[in-house]
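Reading through the structure tokens given below for one structure.
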Amino acid sequence: MKAIGYTQAGPISVTDALIELEIEKPQLGPRDLLVEVKGISVNPVDVKVRISQEMGPEPGTSKVIGYDAAGIVREVGSEVRLFKVGDEVFYAGDITRQGTNAEFHAVDERIVGKKPASLDFAEAAGMPLTSITAWELLFDSLGLKEGEGTGESILIIGGAGGVGSILIQLAKKLTGLTVIATASRPDTVEWVKKMGADHVINHRESLVEQMQALGIAPKYVASLNGTEEHLPAIIELIQPRGHIALIDDPETLDATALKPKSLSLRWEFMFARSMFQTDDIEEQHRLLNRIAELLDDGTLVSTVTANLGSLTAENLKQAHALQESGRVIGKNVLSGIEA
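The sequence shown maps to residues 1 to 339 in full-length UniProt numbering.
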């Protein structure tokens, strides 16, 4: 089958940063689906893995990455019970397995959802990873339940990215929280307002002073980027006994400053369930089905802002370069490999 991958970790600017490959179709485990990939998207994790020497391919081999897909089930494993051949699905994959930048992809059915009927394949592929991350951050890491949060507020740092775009919507539609999101450019400010943020502040200016001007001390903070830089301000502006969740990878993080306010700190990593085959791994199947229903009934709106064309090495390189720029609003997607 055709795939897009690489043979050596490095910058996206080099000629062979991503190349076309011919590889074997994946073999299925008992709970696996073989999906004909019709759409993919690019996330920050794609860039992190591609440039990582530790996670790169062994010398003389290639690696295929990609962590979002939508497509059609073409084969099923011997113990599959949730899907059948012909079903249209979407999912975020497993970081320990071969990626979705290929004609076909094998994935555990327990982390797969039914594709939203209202979205085409490419647009559907823009939703799984960010939706799972945002859902788990809000309802697992921060400990909220649907319908809770009235009278309280959440500060979302990095509101215009993929995770922030869906997190704003989930907080506004499924909880009673007041949502404050950060954005620093006119286009990103406009976007987070479109996603439903009640207030927008600038993460390039003093978060403490801006929150004081709003008269809001949030109980919850979702730090989606720049946590190392923003943590002192977060600790100062958050309520005592508040809750902080993050998804980025700060080089250092001194948690001792959280003690005086008795703050909780949680990381969200949506691959944890699949990496460790947790007892509740099937929660991601149920979660994605719920997201599909919310998209189809109009409660949530797509966060996809650009389709960069079919899955080719050049188009995927463009998507990676845009992701690396730090200026992507919402999500960029591509259609599947053309026959």
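Glycine included, every Cβ here is placed at the ideal spot set by N, Cα and C.
**Asked** What number of angstroms, rounded off, separates the C-alpha of A321 from the C-alpha of S13?
**Response** A321 and S13: Cα-Cα distance of roughly 8 angstroms.
**Asked** Looking at the structure shown, is G113 part of a helix, part of a strand, or coil, going by DSSP?
**Response** strand
**Collapsed DSSP secondary structure at K2 in the structure displayed** = strand
**Item:** Proximity to D120 [Cα-Cα], best of E103, V112, G226, F90
**Value:** F90
**Request:** Evaluate contact between the region 136-147 and the region 20-29, counting only Cβ atoms and requiring at least three cross-stretch pairs below 8 angstroms.
**Result:** no
**Item:** Contact the region 246-256 vs the region 165-175: 3+ CB pairs below 8 angstroms
**Value:** no
**Request:** Answer with buried or exposed for Q53, where buried requires no fewer than 16 other C-beta atoms within 10 angstroms of its C-beta.
**Result:** exposed
**Prompt:** Looking at L224 and G158, is the spacing between their C-beta atoms short of 8 angstroms?
**Reply:** Yes, these two residues count as a Cβ contact at 8 angstroms.
**Asked** Any contact of the region 330-337 with the region 291-308, i.e. 3+ C-beta pairs under 8 angstroms?
**Response** yes
**Message:** Please identify the residue among D16, I166, S141 whose C-alpha is closest to the C-alpha of A292.
**Reply:** I166
**Cβ neighbours of H285 in the same chain (closer than 8 angstroms, five flanking residues each side left out)** = L82, E109, R110, I111, V112, G113
**Distance between V107 and H243 (C-alpha atoms, nearest Å)** = 33 angstroms
**Request:** Report the rounded CA-to-CA distance for P59 versus A3, giving the unit in angstroms.
**Result:** Per the coordinates, the alpha-carbon of P59 lies some 19 angstroms from the alpha-carbon of A3.
**Request:** Return helix, strand or coil for E282, following the three-state DSSP convention.
**Result:** Coil.
**Asked** What number of angstroms, rounded off, separates the C-alpha of D68 from the C-alpha of P260?
**Response** 40 angstroms
**Residues that N225 bridges to, as DSSP identifies them** = Bridge partners of N225: none, in fact.
**Prompt:** Is there contact here, the region 117-136 with the region 188-195, by at least three beta-carbon pairs under 8 angstroms?
**Reply:** Counting Cβ pairs under 8 angstroms, fewer than three are found: no touch.
**Request:** Please state whether DSSP places L308 in a helix, a strand or coil.
**Result:** Strand.
**Request:** Give me the Cα-Cα distance between D16 and S325, rounded to the nearest whole angstrom.
**Result:** Rounded to the nearest angstrom, the two C-alpha atoms are 19 angstroms apart.
**Request:** Verify whether the separation of the beta carbon atoms of A124 and A70 is less than 8 angstroms.
**Result:** yes
**Request:** Return the residue from the list V64, D279, A122, D249 that minimises the CA-CA distance to T227.
**Result:** D249
**Spatial neighbours of I281 in its chain, beta-carbon cut-off 8 angstroms, leaving aside the 5 residues before and after** = Around I281, the same chain offers D108, R110, I111, R273, S274 as residues with beta carbons nearer than 8 angstroms, after the five sequence neighbours per side are excluded.
**Asked** DSSP on H203, reduced to helix/strand/coil?
**Response** coil
**Prompt:** Three-state secondary structure (DSSP) at R327?
**Reply:** coil
**Request:** Please name the residue or residues paired with F90 in a DSSP beta bridge.
**Result:** Bridge pairing for F90: A70, G113 [DSSP].
**Request:** Please name the residue, chosen from Y6, R327, G66, E251, that lies closest to N101 on a Cα-to-Cα basis.
**Result:** G66
**Asked** Just curious, the beta strand (DSSP E) that residue 340 is in, first and last residue?
**Response** In the structure as shown, the chain begins at 1 and stops at 339. Residue 340 is therefore absent and cannot be evaluated.
**Item:** Whole-angstrom distance between V42 and A319, CA atom to CA atom
**Value:** 7 angstroms
**Prompt:** Out of curiosity, what's the CA-to-CA distance linking F271 and P44?
**Reply:** 13 angstroms
**Asked** Rounded to a whole number of angstroms, what is the C-alpha to C-alpha distance between I180 and L295?
**Response** 23 angstroms
**Prompt:** Which first and last residues belong to the beta strand (DSSP E) in which L21 is found?
**Reply:** Looking at the DSSP string, the run of the beta strand (DSSP E) that includes L21 is 19-22.
**Terminal residues of the alpha helix (DSSP H) in which V49 lies** = 44-51
**Asked** Given a threshold of 16 other Cβ atoms within 10 Å of its Cβ, counted over all protein chains shown, does E103 qualify as buried or as exposed?
**Response** E103 counts as buried, since at least 16 other C-beta atoms from the protein chains shown sit within 10 angstroms of its C-beta.
**Message:** I need the straight-line Cα distance from Y6 to V76, nearest angstrom please.
**Reply:** 28 angstroms
**C-beta contact flag for A160 and T178 at 8 angstroms** = no
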